[in-house]
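See below for the structure under consideration.
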Amino acid sequence: MGAGHGHRLHFHGHSPVHRAPAHLKVLALLGFMLVVVATPRQAYAVFALEAAVLLGVVALSRVPLRYLLPRMVVELPFVVFAVLMPFIAHGPRTEVLGVSVSEPGLVAGVALLVKGTIGVLASLTLAATTEPQDLLRGLQRLRAPDLVVQIMGFMVRYLDVVTAELGRMMTALRSRGCDPRSPRHWPVLARSLGALFIRSYERGERVHLAMLARGYDGRLPQADGS
Amino acid sequence: MHVPDGFLDAPTSLATGAVAVAAVALSLRGARRELDDRTAPRAGLVATFVFAAQMMNFPVGAGTSGHLMGGALAAVLVGPWTAVLCLSVVLVVQALLMADGGITALGTNITLIGIVTVVVGWAVFVLLRRVLPKRVSMVAPAAAVGGFVSVPVAALVFTALFSVGGNVSVDLGAVLTAMLGWHVVIGVGEAVVTGLVVGSVVATRPDLVHGARPLLEERDLELRPGLVR
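As given, the protein sequences belong to chains A and B, one line each in that order. Numbering-wise (this note's numbering), the first sequence opens with residue 199 and increments by one. Numbering-wise (this note's numbering), the second sequence opens with residue 32 and increments by one.
Structural data, given as structure tokens:
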């Protein structure tokens, strides 16, 4: 099969961070982020320390920041919220660049921005240094329910297949003059999505039959490292 | 509408995490009833479909766009238990492999998008199915209303969580009005897409639509003499 090698965010490498077991990386990310979230919002020295630790890990992973920074746009929608915070919060007012804003709102907005940015960069580092298959095995070692890991495995495996199918449907629609962004064409889009659902579901049925033919009994065989 | 790290404080995040774990554990038992031993491959492909459907944006106005949450849609198509599982898996994959939604906010995101929208969408759908005429053509409108209601309710729950663990005192009334107003608009988009998608699946493969099954069973096989030669 041609699909399934790496994923969009993965950055190939052999650094210690790449080689570290996935379950430890997930636990480390969770622990680190819980500490960051629990940090008092005006402890800027602690934030600096946390950011330094994170940047140290990024440097150790040898994933260039040039690769990570453009992918941080995921956080844009809530940056808007963080910027709005000083204007909608209560409390004593203060002047910033001649504009009157709420002081606790400003503090909260800055803290939100710092915590969110550290979170996105830390998650990106995990995604960039971990292959999906390793992540699945890591979740298995963390005692995630078997069925959940299996569902995730199928999702990871068929992600590119289904999104590529959607992409081809979109190309076909566009070449026939459909504009996917216009509400006038929603009925067409919805029928395509309906077709995509039927195709995905039937693909699931075929995969299941193919697995039964190969001796599937509700559990996946333990994959070795290869 | 993925909540990032640091939006809610640690205790609230842990509490919603516990809610999410309990709900996923319950759904694991329920999903076996809906799909039996075929659960893993089919739910996996449905999760992939939900992910792909969430990539489709629709314009909301003011230059921004919302995307489908898909809770009500998945609930009507594959049943509520499987839907909770699928959406939770989508959110875990998005958090761990795509850095979309913080890892400490994973419980919050599963609670809001994976549980609240599915439960509300399914409850509204079942209620309407009971009230409306027992016809298969009524499935799509009922699903649309479920999708419409589910989005503002999720926004409502988010505002409630924000008031408990939001780290900052803001005018809750203003936040609530803004969130509800905004999400009613997104809800309209969700309703239109949900209704149209369910309608198109009901038209071609009604047997695949979980929410239509009780209606299909009530349907009698009808032999029309004029058609049978």
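Each residue gets a CB set at the ideal place from its N, CA and C atoms; glycine is no exception.
Given 8 Å, three or more beta-carbon pairs between the segment 219 to 231 of chain B and the segment 162 to 182 of chain B: Touching, per the Cβ criterion.
is_contact[residue 218 (chain A), chain B] using C-beta, thresh 8 Å: Taking 8 Å as the CB threshold, residue 218 (chain A) stays off the interface with chain B.
Neighbourhood of residue 374 (chain A) by C-beta distance below 7 Å, restricted to the same chain and skipping five residues each side: none
Segments of 3+ residues assigned as beta strand (DSSP E) that fall wholly inside the segment 260 to 305 of chain A: Look at the segment 260 to 305 of chain A and you find these whole runs of beta strand (DSSP E), each 3 residues long or longer: 291 to 294, 297 to 300.
DSSP three-state assignment for residue 94 (chain B), whether helix, strand or coil: Because the pLDDT at residue 94 (chain B) is just 47, under 50, the model does not fix this residue reliably, and the value given afterwards should be weighed accordingly. Looking at residue 94 (chain B) - three-state DSSP - the assignment turns out to be coil, as it is neither helix nor strand.
Nearest candidate by alpha-carbon position, reference residue 151 (chain B), set B:193, B:60, B:188, B:162: B:188
Neighbour-count burial assignment, residue 330 (chain A), 16 or more Cβ in a 10 Å radius: buried
Chain A contact residues for residue 236 (chain B), given Cβ-Cβ distances below 7 Å: 396
From B:214, B:190, B:192, B:166, residue whose alpha carbon lies closest to that of residue 251 (chain B): B:166
Cutoff 8 Å: residue 219 (chain B) Cβ touching any chain A Cβ: no
Residue 167 (chain B): first and last residue of the uninterrupted alpha helix (DSSP H) it sits in: No alpha helix (DSSP H) holds residue 167 (chain B); DSSP gives it neither H nor E.
Contacting positions in the segment 125 to 139 of chain B - beta carbon closer than 7 Å to chain A: Per Cβ criterion, the list reads 126, 127, 128, 129, 130, 131, 133, 134, 135.
Endpoints, the alpha helix (DSSP H) within which residue 395 (chain A) is located: 384 to 411
Sequence-distant residues of the same chain with beta carbon closer than 6 Å to residue 135 (chain B), five excluded per side: The beta carbon of residue 135 (chain B) is closer than 6 Å to those of 36, 44 in its chain, skipping five residues each way along the sequence.
The segment 71 to 83 of chain B: positions lying closer than 8 Å to chain A by Cβ: 71, 72, 73, 74, 75, 76, 77, 78, 79, 80, 82, 83
Reduced DSSP secondary structure (H/G/I, E/B, other) of residue 129 (chain B): Coil, per DSSP.
Chain-ordered chain B contacts of residue 330 (chain A) [CB-CB under 7 Å]: 128
Outcome for residue 238 (chain A) when other beta-carbon atoms lying within 10 angstroms are tallied against a minimum of 16: It is exposed - the Cβ of residue 238 (chain A) has fewer than 16 other Cβ atoms within 10 Å.
Alpha-carbon spacing of residue 351 (chain A) relative to residue 256 (chain B), whole angstroms: 51 Å
Residue 248 (chain A) beta carbon less than 8 Å from that of residue 349 (chain A): no
Cβ-based burial, residue 366 (chain A) [other Cβ within 10 Å; buried from 16]: exposed
Inter-residue Cα distance where the pair is residue 61 (chain B) and residue 52 (chain B): 14 Å
Contacting positions in the segment 379 to 406 of chain A - beta carbon closer than 8 Å to chain B: Cβ contacts with chain B: 379, 381, 384, 385, 387, 388, 389, 391, 392, 393, 394, 395, 396, 398, 399, 401, 402, 403, 405, 406.
Under 8 Å by beta carbon: chain B residues contacting residue 325 (chain A): 127, 128, 129, 130
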